[in-house]
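Quick mapping for you: the protein sequence lines, in order, are chains A and W. If you're matching positions, the first sequence starts at 39 in this note's numbering and goes up one per residue. If you're matching positions, the second sequence starts at 265 in this note's numbering and goes up one per residue. The beta carbon of each residue, even a glycine, is placed where N, CA and C say it ideally should be. As the structure is a prediction and not an experimental result, all values here were calculated from the model. Written below as structure tokens is the structure these notes are about.
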Amino acid sequence: SQTIHQWPATLVQPVGSPLSLECTVEGTSNPNLYWYRQAAGRGLQLLFYSVGIGQISSEVPQNLSASRPQDRQFILSSKKLLLSDSGFYLCAWEVGTFTYEQYFGPGTRLTVT
Amino acid sequence: DQQVKQNSPSLSVQEGRISILNCDYTNSMFDYFLWYKKYPAEGPTFLISISSIKDKNEDGRFTVFLNKSAKHLSLHIVPSQPGDSAVYFCAAKGSGSEKLVFGKGMKLTVNP
């Protein structure tokens with residue numbers, strides 16, 4: 039069965055510090071991968087998605103970036119965090135053939151202080 | 265421009281009664297619709313979906329209805345249980361797109 043992992047679960051970082059969140063998927067190959075953010079009291083905002091290794095599409099201009107160095111690994115990064123980067127970050131995967139359901143990881147709660 | 269709208273932020277129902285969660289969309293290119301359930305501090309879990317070629321899909325206590333002419337879908341939960349208390353997100357996908365567009369979510373509270 040497929041499993042998606044995210045770490046860390048919780049993170050508190052000062053403004054201006056770097057960020058690296060990692061997501062890995064097991065039990066599937068060549069998935070579409072997604073990074074979302076849920077800010078307090080708001081819905082799910084798509085940040086990045088990837089349909090293959092090295093292929094990244096950005097949805098929202100910001101100081102975040104994403105990379106996909108391996109088929110089942112998706113990394114969200116920032117060189118300098120802002121207060122507004124606080125939120126709940128979710129990674130999701132989708133096997134893009136004849137099914138459109140996305141399956142989410144457990145999420146990372148990021149607080150920028 | 266919000267393409268998927270969940271206009272009611274919350275709903276409270278009694279255990280055993282029906283819960284009806286509504287969702288409206290504006291993009292006529294959407295052809296697949298999904299409902300997700302989310303507990304606090306957890307990732308959303310997929311509940312049920314419907315293709316635009318159908319107007320109803322049922323899975324146990326959950327039924328999704330799609331009215332394409334009105335660009336409206338709804339999720340019915342019957343009977344509602346306290347464990348159904350969560351935030352529910354409506355999502356839509358367009359033909360040929362890799363992206364889901366989510367609504368802002370609706371908090372359902374089922375009272376014992």
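Taking the straight line between their C-alpha atoms, what separation do you get for Pro52 (chain A) and Tyr72 (chain A)? Taking the first residue of the first sequence as 1, we reach residue 52 (chain A) at position 14. Taking the first residue of the first sequence as 1, we reach residue 72 (chain A) at position 34. For Pro52 (chain A) and Tyr72 (chain A), the distance between alpha carbons rounds to 25 Å.
Proximal residues to Arg106 (chain A) (C-beta, below 8 Å), its chain only, five neighbours per side dropped: Against the first sequence, residue 106 (chain A) aligns to sequence position 68. Closer than 8 Å at the Cβ level, and outside the excluded window around Arg106 (chain A), lie Leu71, Ser88, Gly90, Ile91, Gly92, Gln93, Ile94, Phe112, Ile113.
Using a C-beta cutoff of 8 Å, does Leu84 (chain A) count as contacting chain W? Locating residue 84 (chain A) in the first sequence gives position 46, counting from the first residue. Yes, contact with chain W.
Note down, in chain order, every chain A residue with its Cβ under 7 Å from the Cβ of Gly307 (chain W). For this step, residue 307 (chain W) is matched to residue 43 along the second sequence. Correct list: Leu128, Phe142, Gly143, Pro144, Gly145.
At a Cβ threshold of 8 Å, is Phe326 (chain W) touching chain A? Residue numbering aside, residue 326 (chain W) sits at position 62 when the second sequence is read from its first letter. Output row for Phe326 (chain W): interface = no.
Along chain B, which residues have their Cβ under 9 Å away from the Cβ of Arg110 (chain A)? Protein chains A and W are contained in the structure displayed, whereas chain B is not.
Three-way DSSP call (helix, strand, coil) for Pro346 (chain W) in this model: Here the question's residue 346 (chain W) lines up with position 82 in the second sequence. In the structure shown, Pro346 (chain W) sits in a helix (DSSP, three-state: H, G or I).
Consider the Cβ of Lys320 (chain W): report whether some Cβ of chain A lies at a distance smaller than 8 Å. For the purposes of this step, residue 320 (chain W) is taken as residue 56 along the second sequence, with counting starting at 1. Chain A contact via Cβ: absent.
Would you say Leu298 (chain W) reaches chain A, if we count a Cβ-Cβ gap shorter than 8 Å as a contact? By one-based count along the second sequence, residue 298 (chain W) stands at place 34. Yes, contact with chain A.
When DSSP labels each residue in this structure, what does Ser122 (chain A) get in the three-state scheme? For the purposes of this step, residue 122 (chain A) is taken as the residue at position 84 of the first sequence. Ser122 (chain A): helix per DSSP, three-state reduction.
Check whether the Cβ of Asn68 (chain A) lies closer than 8 Å to any Cβ atom in chain W. Your numbering for residue 68 (chain A) matches position 30 in the first sequence. Asn68 (chain A) does not count as touching chain W.
Determine whether the Cβ of Phe294 (chain W) lies closer than 8 Å to any Cβ atom of chain A. As a first step, residue 294 (chain W) must be located in the second sequence, where it is residue number 30. Output row for Phe294 (chain W): interface = no.
Where does Pro107 (chain A) sit, in a helix, a strand or coil, going by DSSP? If you number the first sequence from 1, residue 107 (chain A) lands on position 69. Three-state result, Pro107 (chain A): strand.
According to DSSP, what are the bridge partners of Gln76 (chain A)? Your numbering for residue 76 (chain A) matches position 38 in the first sequence. In DSSP, Gln76 (chain A) forms a bridge with A:Leu82, A:Phe126.
Quick check on DSSP: helix, strand or coil for Ile314 (chain W)? Mapped onto the second sequence, residue 314 (chain W) falls at position 50. Residue state, collapsed to three classes: strand.
When we look at the beta-carbon of Tyr255 (chain W) and count the other beta-carbons within 10 Å, is it buried (16 or more) or exposed? There is no way to answer for residue 255 (chain W), as the model of chain W reaches only from 265 to 376.
Selection from A:Thr151, A:Ser124, A:Val133 that minimises the alpha carbon distance to Tyr74 (chain A): Translated into the one-based positions of the first sequence, residue 74 (chain A) becomes position 36. Residue A:Ser124 is the option with its Cα nearest to Tyr74 (chain A).
Within 10 angstroms of its Cβ, does Tyr303 (chain W) collect 16 or more other Cβ (buried), or is it exposed? For the purposes of this step, residue 303 (chain W) is taken as the residue at position 39 of the second sequence. Tyr303 (chain W) is exposed by the Cβ-count criterion.
Under 8 Å between the Cβ atoms of Val150 (chain A) and Leu121 (chain A)? Position 112 of the first sequence, counted from the start, is the residue given in the question as residue 150 (chain A). Position 83 of the first sequence, counted from the start, is the residue given in the question as residue 121 (chain A). Going by C-beta atoms, Val150 (chain A) is nearer than 8 Å to Leu121 (chain A).
For Val98 (chain A), name the three-state secondary structure that DSSP assigns. One-based indexing of the first sequence puts residue 98 (chain A) at position 60. Three-state DSSP puts Val98 (chain A) in coil, outside helix and strand.
Can you tell me whether DSSP reads Ile91 (chain A) as helix, strand or coil? Numbered from 1 along the first sequence, position 53 holds the residue referred to as residue 91 (chain A). It is coil, neither helix nor strand.
If I follow the unbroken beta strand (DSSP E) through Met370 (chain W), where does it start and stop? The count along the second sequence starts at 1 and reaches residue 370 (chain W) at position 106. That run of the beta strand (DSSP E) goes 370–375.
Assign Thr48 (chain A) to one of three DSSP states: helix, strand, or coil. As a working note, residue 48 (chain A) is residue 10 in the first sequence. Strand.
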